[in-house]
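Here the protein sequences come in this chain order: P and V.
If you want the numbering used here, it's the position in the first sequence, counting the first as 1, plus 252.
If you want the numbering used here, it's the position in the second sequence, counting the first as 1, plus 252.
We put the beta carbon where it would ideally sit given N, CA and C, even for glycine.
Since the structure is predicted, the reported quantities are computational estimates derived from the model, not experimental observations.
2 protein chains.
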Amino acid sequence: MTARWERVTVVGPGLIGGSVARALRRRGLARRVVVVGRSEGGLAPVRAGGGADETTTDLAAGVRGAALVVLCAPLGSLPGLVRAAWPHLARGAVLTDAGSVKREVVAAAAACPARDGAAFVGGHPMAGSERSGFGASDPDLFEGRLALLTPTAETPERAVAEVTSLWEGLGSQVRCLSVEAHDRGVAQISHLPHLAAFALVAAADGEALALASRGFTDTTRIAASPEALWADIFRGNRVALLEALGRYEAVLARWRERFERGEWSALEAELARAREIREKLG
Amino acid sequence: MTARWERVTVVGPGLIGGSVARALRRRGLARRVVVVGRSEGGLAPVRAGGGADETTTDLAAGVRGAALVVLCAPLGSLPGLVRAAWPHLARGAVLTDAGSVKREVVAAAAACPARDGAAFVGGHPMAGSERSGFGASDPDLFEGRLALLTPTAETPERAVAEVTSLWEGLGSQVRCLSVEAHDRGVAQISHLPHLAAFALVAAADGEALALASRGFTDTTRIAASPEALWADIFRGNRVALLEALGRYEAVLARWRERFERGEWSALEAELARAREIREKLG
Numbered sequence: 253m254t255a256r257w258e259r260v261t262v263v264g265p266g267l268i269g270g271s272v273a274r275a276l277r278r279r280g281l282a283r284r285v286v287v288v289g290r291s292e293g294g295l296a297p298v299r300a301g302g303g304a305d306e307t308t309t310d311l312a313a314g315v316r317g318a319a320l321v322v323l324c325a326p327l328g329s330l331p332g333l334v335r336a337a338w339p340h341l342a343r344g345a346v347l348t349d350a351g352s353v354k355r356e357v358v359a360a361a362a363a364c365p366a367r368d369g370a371a372f373v374g375g376h377p378m379a380g381s382e383r384s385g386f387g388a389s390d391p392d393l394f395e396g397r398l399a400l401l402t403p404t405a406e407t408p409e410r411a412v413a414e415v416t417s418l419w420e421g422l423g424s425q426v427r428c429l430s431v432e433a434h435d436r437g438v439a440q441i442s443h444l445p446h447l448a449a450f451a452l453v454a455a456a457d458g459e460a461l462a463l464a465s466r467g468f469t470d471t472t473r474i475a476a477s478p479e480a481l482w483a484d485i486f487r488g489n490r491v492a493l494l495e496a497l498g499r500y501e502a503v504l505a506r507w508r509e510r511f512e513r514g515e516w517s518a519l520e521a522e523l524a525r526a527r528e529i530r531e532k533l534g
Numbered sequence: 253m254t255a256r257w258e259r260v261t262v263v264g265p266g267l268i269g270g271s272v273a274r275a276l277r278r279r280g281l282a283r284r285v286v287v288v289g290r291s292e293g294g295l296a297p298v299r300a301g302g303g304a305d306e307t308t309t310d311l312a313a314g315v316r317g318a319a320l321v322v323l324c325a326p327l328g329s330l331p332g333l334v335r336a337a338w339p340h341l342a343r344g345a346v347l348t349d350a351g352s353v354k355r356e357v358v359a360a361a362a363a364c365p366a367r368d369g370a371a372f373v374g375g376h377p378m379a380g381s382e383r384s385g386f387g388a389s390d391p392d393l394f395e396g397r398l399a400l401l402t403p404t405a406e407t408p409e410r411a412v413a414e415v416t417s418l419w420e421g422l423g424s425q426v427r428c429l430s431v432e433a434h435d436r437g438v439a440q441i442s443h444l445p446h447l448a449a450f451a452l453v454a455a456a457d458g459e460a461l462a463l464a465s466r467g468f469t470d471t472t473r474i475a476a477s478p479e480a481l482w483a484d485i486f487r488g489n490r491v492a493l494l495e496a497l498g499r500y501e502a503v504l505a506r507w508r509e510r511f512e513r514g515e516w517s518a519l520e521a522e523l524a525r526a527r528e529i530r531e532k533l534g
């Protein structure tokens, strides 16, 4: 098998970065996979787990010479990492990220000075786990999933093709959409459901929790997700999330009224519409 | 193996009734399992699927001579079925149900005239599926699940022991609690999560739904449940559900304020508490 890339650098050795690095290696997509971490302590399990050909804590050294750099660090750190990596990108290199919200990171990249054909494409693999860290990484994590890309009018086609080829190579289906559509969409189908799951747990008393069965544990599985990561995402996407939360609160308020007025058949009709929509998602 | 009961009658050939009947037969717990349905059409698959030794559309005939009668019909029909079955119960027979809300059915049973040692115990197996009907039934449905019983001060110990032995025989763990604790508890850990799941789907627009990934499909799996069944449950438990909904809305409103005020570390602390609670549920 010919490697698609000579050198790919993954910044961030956590669940997503670890899974990307391991998948690249297992599939022979890159001749060398470099993983950049903030500390030696975070990189040791990557080396022990065969997750990289090289590891380094030096971002500039890690980025240098790579044809493709994938930022898989926590959302809040992405704009800073884009600015820090940018001056060290090789000629024609493509920088992308795996952050759950695209507005700030895309804006940070747009503000970087043009140089040597380097380009940024915002990315978001729709895969994850309530677990975190390299120990939870899985080279098949992206298999059969959606990867969303948010190129702008300024993004070169070549760079979009490169990042498309990364996620397709890892088994995902790629879709391009605008930054706004992305952030509004994920607010509704990812961020709000997480907030709702955390809130269902927070609103239940101990006596009720002792009765929890599969309906509850499934619905709230994602409330076992790391709170720091999610507080970061909620903050990063607060505008779209507040809008989605407003729509959700309005549905709940309307249904509360239906309960209070005894409008059961109207309620049932609304539940039926939701059930039909949900069934289509499989 | 000696059968525990000579004759057990299951009223309602749906998901729960079908699973009870099939489990009783497979485990040899009853010498004869009788299934009562409203129509011949509903009973044909039960016979074809080996779900009963006898089937009938005549409630009185089905109940007569049974030591144990399990009502597995839709929630709204349970009080009427208790009243209809009561005069036909054998001497010392135990009547129980599998309804998701206990207040009305327990009250209906309490209003029946004492006769021949017949007794009622409210029951609720915490098992189910978003699918319904005999075709979705599963003799292992109750394996490893919780079964809740709501005896009152008037319920004879013997009757509680009989129904405990039913659900334990089907693989469940039995817990007794008051009608009020039951209805408040399930409002929080079952009914509200269903309402929340339906509402998450109802609040999402089509563009967002096209991005749905595992977080969304897991959280809203229960929104694929039959709406008639759930409208019935929401109506039956409206008082406790409105209280649970109020608590939930208050959490969401508080978190909305935290977003608007930028109180991220306070929000993160609340998410952490929910995550810890959720993790303990496994």
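Which residues DSSP lists as bridging residue i, in chain order
i	result
Glu306 of chain V	V:Val286
Ala399 of chain V	V:Pro377 and V:Val426
Ala371 of chain V	V:Val346
Trp257 of chain P	P:Ala282
Leu323 of chain P	P:Val263 and P:Asp349
Residue i burial status per 10 Å Cβ neighbour count (16 or more: buried)
i	result
Pro265 of chain P	buried
Pro365 of chain V	exposed
Arg513 of chain P	exposed
Ala526 of chain V	buried
Glu432 of chain V	exposed
Ser517 of chain P	exposed
Cys457 of chain V	Note that residue 457 of chain V is Asp in the sequence shown here, rather than Cys. Counting Cβ neighbours within 10 Å, Asp457 of chain V comes out exposed, since fewer than 16 surround it.
Gly294 of chain V	buried
Pro331 of chain V	buried
Ala362 of chain V	exposed
Asp368 of chain V	exposed
Phe449 of chain P	Sequence inspection shows Ala at residue 449 of chain P; the Phe mentioned does not correspond to that position. Looking at its Cβ environment, which holds 16 or more other Cβ atoms inside 10 Å, Ala449 of chain P is buried.
Glu395 of chain V	exposed
Glu356 of chain P	buried
Ala345 of chain P	buried
Gly467 of chain V	buried
Gly314 of chain P	buried
Ala455 of chain V	buried
Other residues of its chain near residue i: CB distance less than 7 Å, five sequence neighbours each side excluded
i	result
Leu519 of chain P	Trp507 and Arg510
Pro539 of chain P	For chain P, the structure presents residues 253 to 534; residue 539 of chain P sits outside this window and is missing.
Phe335 of chain P	The residue you asked about is not Phe; residue 335 of chain P is Arg in the sequence shown. Ala360 and Cys364, listed in sequence order.
Leu398 of chain P	Met378, Ser424, Gln425 and Arg427
Lys354 of chain V	Gly374, His376, Thr402, Val431, His434 and Asp435
Gly317 of chain V	Arg259 and Ala342
Ala325 of chain P	Val263, Gly264 and Leu333
Ser381 of chain V	Leu267 and Ala388
Trp482 of chain V	His446
Sequence-distant residues of the same chain with beta carbon closer than 6 Å to residue i, five excluded per side
i	result
Ala282 of chain P	Ala255, Trp257, Val260 and Leu276
Pro408 of chain V	Ala371
Leu239 of chain V	This structure leaves residue 239 of chain V out entirely; chain V is present only between 253 and 534.
Leu447 of chain P	none
Ala304 of chain P	Ala273, Val285, Val287 and Val298
Gly269 of chain P	Val262 and Cys324
Thr472 of chain P	Ala449, Leu452 and Val453
Gly244 of chain V	Missing from the structure shown is residue 244 of chain V; chain V here goes from 253 to 534 and no further.
Leu504 of chain P	none
Neighbourhood of residue i by C-beta, 8 Å cutoff - its chain only, sequence neighbours within 5 removed
i	result
Arg290 of chain P	Thr309
Arg278 of chain P	Pro391
Pro445 of chain P	Ile474
Leu493 of chain P	Ala439, His443, Leu444, Leu447 and Phe486
Thr496 of chain V	Sequence check: residue 496 of chain V is Ala here, not Thr. Hits under 8 Å: Arg436, Ala439, Gln440, His443 and Leu444.
Gly302 of chain P	Arg274 and Arg277
For the segment 474-489 of chain P and the segment 514-532 of chain V, state whether three or more C-beta atom pairs, one from each stretch, are separated by less than 8 Å.
yes
Taking 8 Å as the cut-off, does the segment 411-420 of chain V touch the segment 390-405 of chain P (at least 3 CB pairs, one atom from each stretch)?
With a cut-off of 8 Å, the segment 411-420 of chain V and the segment 390-405 of chain P do not count as touching, because too few Cβ pairs lie within range.
If we count Cβ pairs, one from each stretch, closer than 8 Å, do we get three or more for the segment 456-465 of chain P versus the segment 484-493 of chain P?
no
What residue ranges within the segment 420-495 of chain P form continuous alpha helix (DSSP H) runs of no fewer than 4 residues, ordered along the chain?
431-438, 444-455, 458-461, 466-471 and 479-488
Scan the segment 498-534 of chain P and note each continuous beta strand (DSSP E) run of 3 residues or more that stays entirely inside, going in chain order.
none
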